[in-house]
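J.: Going down the list, the sequences are from chains A and B. When we follow the numbering used here, the leftmost residue of the first sequence carries the number 32, and every step to the right adds one. When we follow the numbering used here, the leftmost residue of the second sequence carries the number 23, and every step to the right adds one. For each residue, glycine too, the CB sits at the ideal point set by N, CA and C. My structure is below; once you've seen it, I'll send some questions.
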Amino acid sequence: MNLDPRYRFENYIVGGANRLAVSAARAVGQSPGTSYNPLFIYSSSGLGKTHLMLAIGHLARSLNPQMTVEYVTLEEFIEELNHAIGDSAMELFKRRFHMVDMLLLDDVQFLAGRKETQSEMLRLFNTLQRAGKQVVLTSDRPPSEIADLDDRLITRLTGGLVVDVGTPDYETRVAILRSKCEERGVVFEAGVLDEVARINFTNVRELQGALNRLIACQTLEEAPVTARSVRELLGEKPDTPLLVPSQARGQEFASFLSDLSEVVSQHIDSWRVRVVESMTYWHQLGYVTLVLERALEETEEPDVDTLLSRYEASIRRLRELEAEAQKIDTGLAASELFKDPERVGEAELVLARLVGGAEPPPGPDPALTRSELEVGASNQLAVHAVDTIIDEPGKKYNPLFVYGPPGVGKTHLLNALGNELIAQSGGAFTVAVVNASQFIDELIEALQAEEIEKWRARYRVVDALILDDVDKCAGKERSQEELFHIFNSLFYNGRQIVFASVHPPKMIEGLEERLRSRFEGGLVVEIQAPDHALREKLYARYLADVGERLDRPLIDFLASRSVPSVAEMRGIVDRLMKAADVVGVPLNASFARKELEGGATAPAPRKQSNGRDADPFFLDEEKVLWDWPDVTGRAIEEFR
Amino acid sequence: MSLVNYATREITCKIVYYGPGRSGKTTNLHYIYEQVPGDRKGQMVSLATQTDRTLFFDFLPLDLGTISGFSTRFQLYTVPGQVYYQATRKLVLHGADGVVFVADSQARQLAENIESMQDLHANLAEHDIDVRTMPLVIQYNKQDLPRSLISSVPELEDALNFREVPSFAADALHGTGVFETLRGIAGLVLRRLSAGTSTPPAAAAAGGR
């Protein structure tokens, strides 16, 4: 559709009531799709929405003649849509609307209650916005007041800029009239236009109608219209004061009303009015007003001054706290906590924790150090990533996701990283190294104790979060939710995050997509079962640990056997040591071979550290005992 | 029903005109409607039969503007007087803040008046309302008719006003006493404000959330 050439910025009179709208419209016309998209203009009818909209189209087209500008009223849009559906010509419809560079849609208030059109509109919007195309809409009311409008559509409509065009003031009205006269080439006597402008027309269309009438009169009568005759010609009473209804009629009602006012003012409690005023004010700003609401329910008048001043003092304090929290953690600052004057104490506590870190999250195990970590082909990538992080935490691999079967040294690696980070920073870093099951337990406890804010704050202030066995969060919605928020908070503040898990993110079932994608956003590395070189190093270390001298053939033999995990290697060494001890021979390659491959392999010890092998006889569930009971205990057992 | 809502700064007041058939309840409302300046009156809804008898009820919303900072609205209702519209009467009475009993002053209607008064009491009781706490005024309508046809005010007082509520002699057709009656009931209703029976529910204040 061609744009009506009459509607341009050049003949759009700018006044106080429409200045914002016009500047926004100009900006949009000059650089469509970049500044305010969509631009939503609303005003009551006849104040120039359509004019402004078309002016945008003209301006855009004059700057870029290639541009396709589509102007359509909502009614036409709906009609087109209906036709398209009726003629099964949706493609044509889509080509027309989805391909435009600028869509000007007039009178969108008629979207009210039209579900189908709304969903089509939503689709169209998404397409256009994704392509960076400009959308301009007009309506006679703001988006939020259009009845039955899809929430998603409301957010789209209000996502750019919403401006209103007000009723023009006297000066603007004169300017409009003068501009119209120039357009029409009509000259009126002095004072005529001013007189017309003085009449309180509510919109420009009426004003224009009045002017047309005067122009018609002047040309027909061939006598100039005078300022005096203006009102008469327009059917207005000379110098109309606001209409006063016939006195006799209104009097009875008026006296009733004044009597009533008196009764009301006697019976309205002025203190309640004050409380409500304050309540409304703070409620608008998002503060909880329960204290005031409770006061209202009292039958007796409370000390309103004290009540209000206390309430306001609490809010002042909350604002201070909020500002401080903002510096530390924007996520927390947005918390409800800072909106409830009755929870000032709690807010202070949280903040104190934030600032002072009164209760630091669990740190790394100091025994698991980087220097103890042996590197082989199976884990070198992960170790390399960790080393990079130690040099530049939060910069390169964030988050780092380490996965591999149990016992390959993930936890060691994680703790080593934690220890190194603390050491590198000279102890300034707060590093949380926590197992996911502990993380979840803590969360549940915090939920029980209603100290969730405190718990969150604990993790949100860390410089690095290292979460082991993160796959345990799978299927636990609340944990994932909290983890998600903590992740975001840390991530956007450039803090290092490291996860370990048995499976890579995409193999963890029950993991929310938003977490999965975040986990995969950094580096995902695998630690495999220890390779030969690593086994060699580790066996040498373990044997040295238990005081064995370096026995090359033994190590070679042990290293040649593949094992699924590092943990098992330590178990093998322990077992061999004990077996050799029992038999009384020195531990060497041939003994080890006999012990490990000689058929009669004893079952792996249940618990290596206490040095006793469990007799299979006692492996019955009920009978497993790590410390054999004393005589009386045994007697009782036998007696039973 | 909350009469004064401090949170939204509104006073809403439902007043029901009660009485026997043909006693002039709708006439009262019509007169008020005529007197109200155009911008203040809402659409008067009157569901009447062809013979001008109220079939369901009349409803006249009155926007009294802002009084002491409270936007004040009166809703005036009438009930159908005929005995067989019992259910409608009960329905209209629900949530009323005040009742105007419009009595027909004609001597031959005395029995109907008494019956209707008893009906009012019964209906209020069914709504679990203590008649003594419900603001009530009585209007003796049609006092313009010839003396010979009507009962005098003292006679009517004896017959109907055993609770000694405010009463008004009226000629609703010509407007005499109509606003006095409305003023009377409005005064009674609003006086209950300070009795603490109309504190705003906390929910209303929190409603914006």
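Check whether the region 199-211 of chain A touches the region 60-74 of chain A, counting contact only when three or more Cβ pairs, one atom from each stretch, lie closer than 8 angstroms.
T.: Contact between the region 199-211 of chain A and the region 60-74 of chain A is absent, because fewer than three Cβ pairs lie under 8 angstroms.
J.: For F141 of chain A, does the three-state DSSP call read helix, strand or coil?
T.: Helix.
J.: Quick check on the burial criterion: 16 or more other C-beta atoms within 10 angstroms. Buried or exposed for T461 of chain A?
T.: Buried, since its Cβ has 16 or more Cβ neighbours within 10 Å.
J.: Looking only at its chain, what residues have a beta carbon closer than 8 angstroms to the beta carbon of E540 of chain A, apart from the 5 residues adjacent to it on each side?
T.: For E540 of chain A, where only same-chain residues beyond five positions count, the Cβ hits under 8 angstroms are A505 and G506.
J.: Return yes when the Cβ of V577 of chain A is within less than 8 angstroms of the Cβ of Y434 of chain A, no when it is not.
T.: Not a contact, by the Cβ cut-off of 8 angstroms.
J.: Return the chain-ordered list of same chain residues with a C-beta closer than 8 angstroms to the C-beta of F588 of chain A, the five sequence neighbours on each side being excluded.
T.: Result list for F588 of chain A: A620, A623 and R624, in chain order.
J.: Out of A:T442, A:E328 and A:P174, state which residue places its alpha-carbon closest to the alpha-carbon of I72 of chain A.
T.: Considering only alpha carbons, the answer is A:P174.
J.: Please name the residue, chosen from A:I471, A:A531, A:G191 and A:A495, that lies closest to E512 of chain A on a Cα-to-Cα basis.
T.: Out of A:I471, A:A531, A:G191 and A:A495, A:I471 has the C-alpha closest to the C-alpha of E512 of chain A.
J.: Any C-beta of chain A sitting closer than 8 angstroms to the C-beta of Y39 of chain B?
T.: Y39 of chain B does not count as touching chain A.
J.: For A48 of chain A versus P255 of chain A, is the C-beta distance shorter than 8 angstroms?
T.: Result no, Cβ atoms of A48 of chain A and P255 of chain A do not sit closer than 8 angstroms.
J.: In whole angstroms, what is the alpha-carbon distance linking P617 of chain A and V597 of chain A?
T.: About 24 angstroms.
J.: Using a cut-off of 7 angstroms between C-beta atoms, extract the partners of R374 of chain A located in chain B.
T.: Going along chain B, no residue has its Cβ under 7 angstroms from R374 of chain A, so there is no contact; the nearest lies around 17 angstroms.
J.: With a Cβ-Cβ cutoff of 8 angstroms, do P395 of chain A and G449 of chain A count as a contact?
T.: For P395 of chain A and G449 of chain A, yes; Cβs fall inside 8 angstroms.
J.: Mind reading off the beta-carbon distance from V122 of chain B to Q161 of chain B? Whole number of angstroms is fine, and I expect it under 8 angstroms.
T.: With 8 angstroms as the limit, V122 of chain B and Q161 of chain B qualify as a contact, their Cβ atoms being about 6 angstroms apart.
J.: Taking 8 angstroms as the threshold (beta carbon to beta carbon), is A208 of chain B in contact with chain D?
T.: You won't find chain D in this structure, because its protein chains are A and B.
J.: Taking one C-beta from the region 82-94 of chain A and one from the region 44-58 of chain A each time, how about it: are there three or more such pairs within less than 8 angstroms?
T.: As far as the Cβ criterion goes, the region 82-94 of chain A touches the region 44-58 of chain A, which means the pair count is three or higher.
J.: Please list, in chain order, the chain A residues whose beta carbon lies closer than 7 angstroms to that of S90 of chain B.
T.: Here the neighbours are S292, V295, S296 and I299.
J.: Should A147 of chain B and G46 of chain B be called a contact, given that it needs their Cβ atoms to be closer than 8 angstroms?
T.: Not in contact: A147 of chain B and G46 of chain B (Cβ atoms no closer than 8 angstroms).
J.: Mapping the DSSP letters down to three states, classify I151 of chain B as helix, strand or coil.
T.: Three-state DSSP puts I151 of chain B in coil, outside helix and strand.
J.: Does DSSP classify N183 of chain B as helix, strand or coil?
T.: It is coil, neither helix nor strand.
J.: Where DSSP assigns a beta bridge to I37 of chain B, which residues make up the other side?
T.: B:L98 and B:G120.
J.: Since A590 of chain A and E626 of chain A are thought to touch, with beta carbons under 8 angstroms apart, how far apart are those beta carbons, to the nearest angstrom?
T.: Actually they do not touch by this definition, with Cβ atoms about 16 angstroms apart.
J.: From the DSSP output, in three-state form, read off I44 of chain A for me.
T.: It is coil, neither helix nor strand.
J.: Starting from the beta carbon of R95 of chain B, find every residue of chain A whose beta carbon is closer than 7 angstroms, and list them in chain order.
T.: Neighbours of R95 of chain B on chain A: none; closest Cβ ~12 angstroms, over 7 angstroms.
J.: Would you report the Cα separation of L404 of chain A and L574 of chain A, rounded to the nearest angstrom?
T.: Each residue's Cα considered, the two are about 16 angstroms apart.
J.: Flag N27 of chain B as yes when its Cβ comes closer than 7 angstroms to any non-hydrogen atom of the ligand ZN, and as no otherwise.
T.: Absence of the ligand ZN from the depicted structure is noted, as is the absence of any ligand whatsoever, leaving it without description.
J.: Let me check understanding here. Comparing Cα to Cα, which of A:T148, A:R187 and A:Q149 lies closest to R161 of chain A?
T.: Nearest option by C-alpha distance: A:R187.
J.: For N68 of chain A versus G191 of chain A, is the C-beta spacing smaller than 8 angstroms?
T.: Their beta carbons are under 8 angstroms apart, which means N68 of chain A touches G191 of chain A by this criterion.
J.: Applying a beta-carbon distance threshold of less than 8 angstroms, which residues of chain A neighbour P157 of chain B?
T.: Under the 8 angstroms cutoff, chain A gives no residues; its nearest Cβ is about 12 angstroms from P157 of chain B.
J.: Based on DSSP bridge pairs, tell me the residues matched to I603 of chain A.
T.: None, per the DSSP bridge assignment.
J.: Under 8 angstroms by Cβ, that's how I've got L105 of chain A and L142 of chain A pegged, so tell me the actual separation to the nearest angstrom.
T.: Contact flag correct, Cβ pair sits at about 6 angstroms.
J.: Identify the continuous alpha helix (DSSP H) that holds S54 of chain A and give its terminal residues.
T.: First-last of the alpha helix (DSSP H) with S54 of chain A: R50 to Q61.
J.: Taking the C-alpha atoms as reference points, what is the distance between W486 of chain A and V501 of chain A?
T.: If you take the alpha carbons of W486 of chain A and V501 of chain A, they lie about 18 angstroms apart.
J.: With N466 of chain A as the anchor, note down where its beta strand (DSSP E) starts and where it stops.
T.: Unbroken beta strand (DSSP E) run through N466 of chain A: V462 to N466.
J.: Have a look at the DSSP bridge pairing and note the partners of A531 of chain A.
T.: A:V433, per the DSSP bridge assignment.
J.: What does the alpha-carbon distance come out to for the pair S174 of chain B and A144 of chain B?
T.: One C-alpha to the other measures close to 26 angstroms.
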